[in-house]
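Accompanying notes for the structure given below.
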Amino acid sequence: MDEEIMGLDVLESIFEGRTKPTDLKLSALQSITGNFFEERIIGTGGFGTVYKGVLRNGEVAVKKIKNNHTINENVFRREVNSLLNVSHENIVRFLGFCSHTEHKVFKTEGSRDYIYAENRERILCFEYINNGSLEKYIADELRGLHWDIRFLIIKGICEGLQYLHMEKQIIHMDLKPANILIDYNMVAKITDFGLSRMEENAKTKSTNRGLSPGYAAPEDIDKGEMSVKYDVYSLGIIIIELVTGHRSIPDSNNVLRRWRHRLQKSGKETPFRYQQIAKLIEIGLLCQEKDPYKRPFISDIIRVINELENTDRSTVEQMNRQWMYIDRRFDEFTSGLSNFMAVAEANKHGGFMYCPCVDCKNIVNYAHSSTIHGHLLRNGFMPSYYCWTKHGERGVMMEENEEEEEGDDGYPNFPEYGDSAEGNEDNEAEDQEAPDEPADDDLGRAIADARRECETEKERLAFDKMIEDHNKLLYPTCEDGHKKQHTGIVAMEGRERCRLRIWKVADNN
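All the letters of the sequence shown, read from the start, carry residue numbers 43 to 551 under my numbering.
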């Protein structure tokens, strides 16, 4: 019992990051899995069974390798040593291992002879990723993940593979969606690269390796030769599958047409996204060249992806941030929050992020973005929060003590695009019809023209309400009389909800 308790303490210390991964006690692993209870099984494969292990401070994944004596103990130790030295955001975190051999003696019935048996347990322990594998998220262009999330997943897989190839000289040999886990923040994490190499050493012929059909490179079958280009071939299939939802060679024009339909429908149609889609299809096909020498190195792929992302960053796009203040039970909020967290995670500095929820108010920081994700789901965004992203975008700002007023469709009426605001007093009652703005300057004429183009009474009322809101004080006790309406730009609300046009008027001052 003392050994079990000590083993649990060691494992929990590793889980919290206070201790490096090391040799684990079998008794501790038996304890956290209910002695490898059948109901704790979370996955099975040709190489073994995966159990969920429950600690006092979290959960882990325990891989129990099949009792296969063809795996040499030296090979097992060598691969474990490789795992111990791997640490990357896009690689599933390795927590420890166990190699336990038990000898038993049996007397055969009706005989004086004894049988000496050896029972060997080989177990690996990893962080538990509860959001499933990439297989769960593969879907065609008209369903499933938004493009921006797919792009970040592809980039994450490539960066994890680059780390294995260039820094650790490790070839995965069985890269496929089932071996890419997706965490709560939609970050891709590669797993099972050590297991495939143990299996390779257990086989005498490469053609007998039980690697995944559909993702194995042709040289695996034809020549038995292995290099980093083997993984690149598998990566190419995964890229095509993420872009199109299928492994087959795509019709690029048809794929772009279908993505255009979806992006237009979501209001996210931009040239740089089409450029990303087209270029990644090109990369995916190049990775699948039959001749390994014609395939790119992972470093070449990363360079192109970074260029595509920089194009994205250089395009200042006014994204719709209305989702930030709608009912958190709606799909629009959860979908928008997932995109927000993916961008925030990709751009965090120093290993932590500030939480912009109602309670933390962008003052408290956390090392794990999952904590912030939970806060925002539970509490919503803080008042007066500007949503800055890597694109240089600024999102909706809600004033202190301002209530979320709902429109006819049940969604709050907030501006689609926020800007720092200046103006003067609130001068009209909410239900009073707002008068036409004076047309003695460019701004006034633009507002008057926009109001005249409202085609229905509902549109006109929504427009008047928006103008009235822009004329309110910046905050209740503003002594300078600044209004929300900026003297240079006014963003007309309602492109999606009220069917109004968006107007911009340049500052002439």
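For glycine and all other residues, C-beta sits at the position ideal for the given N, C-alpha and C.
Quick check: the Cα distance between residue i and residue j, rounded to an integer number of angstroms?
| i | j | result |
| --- | --- | --- |
| S412 | I489 | 43 angstroms |
| H410 | F168 | 17 angstroms |
| I165 | Y179 | 29 angstroms |
| S124 | N132 | 16 angstroms |
| I222 | V134 | 9 angstroms |
| I232 | S141 | 23 angstroms |
| E501 | R302 | 28 angstroms |
| L503 | G85 | 57 angstroms |
| E209 | I224 | 23 angstroms |
| Y170 | E101 | 6 angstroms |
| E283 | Y205 | 22 angstroms |
| R299 | G186 | 17 angstroms |
| H188 | I195 | 11 angstroms |
| L327 | P292 | 9 angstroms |
| E177 | E495 | 49 angstroms |
| K67 | V128 | 21 angstroms |
| I83 | D234 | 17 angstroms |
| G403 | R315 | Reading the sequence as shown, one finds Lys at residue 403 and not Gly. Distance between the alpha carbons of K403 and R315 is about 33 angstroms. |
| I47 | G95 | 15 angstroms |
| H145 | C200 | 44 angstroms |
Does the beta-carbon distance from residue i to residue j come in below 8 angstroms?
| i | j | result |
| --- | --- | --- |
| M268 | I213 | yes |
| F136 | I107 | no |
| I56 | P63 | yes |
| I343 | I325 | yes |
| R98 | E160 | no |
| Q570 | L277 | Within the shown structure, residues of the chain are numbered from 43 to 551, placing residue 570 beyond reach of any answer. |
| P260 | K336 | no |
Going by DSSP in three states, residue i sits in which element: helix, strand or coil?
| i | result |
| --- | --- |
| A244 | Only weak support is given to the placement of A244: the predicted model assigns it a pLDDT of 47, under 50, and the value that follows is read from those uncertain coordinates. In this structure, A244 counts as helix in the three-state DSSP scheme. |
| E169 | strand |
| V102 | strand |
| D65 | strand |
| K94 | strand |
| F375 | helix |
| I107 | strand |
| T86 | strand |
| N132 | coil |
| E442 | Low per-residue confidence applies at E442: pLDDT is 44, beneath 50, and the placement is therefore not dependable, though the value from the model is reported in the following sentence. E442 falls in the coil class under three-state DSSP. |
| Y205 | helix |
| Y408 | strand |
| F394 | strand |
Run through the DSSP bridge pairs and tell me what residue i is partnered with.
| i | result |
| --- | --- |
| C399 | F423 |
| K146 | A159 |
| K231 | L223 |
| C140 | I165 |
| S175 | L223 |
Assuming residue i contacts residue j under a Cβ cut-off of 8 angstroms, what Cβ separation, rounded to an integer in Å, is found between them?
| i | j | result |
| --- | --- | --- |
| I340 | V285 | Their Cβ separation, rounded to whole angstroms, is 18 angstroms, which puts I340 and V285 out of contact at 8 angstroms. |
| T143 | R162 | 5 angstroms |
| F564 | D65 | Given that the chain is displayed from residue 43 to residue 551, the structure contains no residue 564 and the question cannot be resolved. |
| S290 | I323 | S290 to I323, Cβ: 12 angstroms. No contact. |
| G568 | A230 | With the chain covering only 43 through 551, there is no way to say anything about residue 568. |
| A70 | G87 | Actually they are not in contact, since the Cβ atoms of A70 and G87 sit about 24 angstroms apart, beyond 8 angstroms. |
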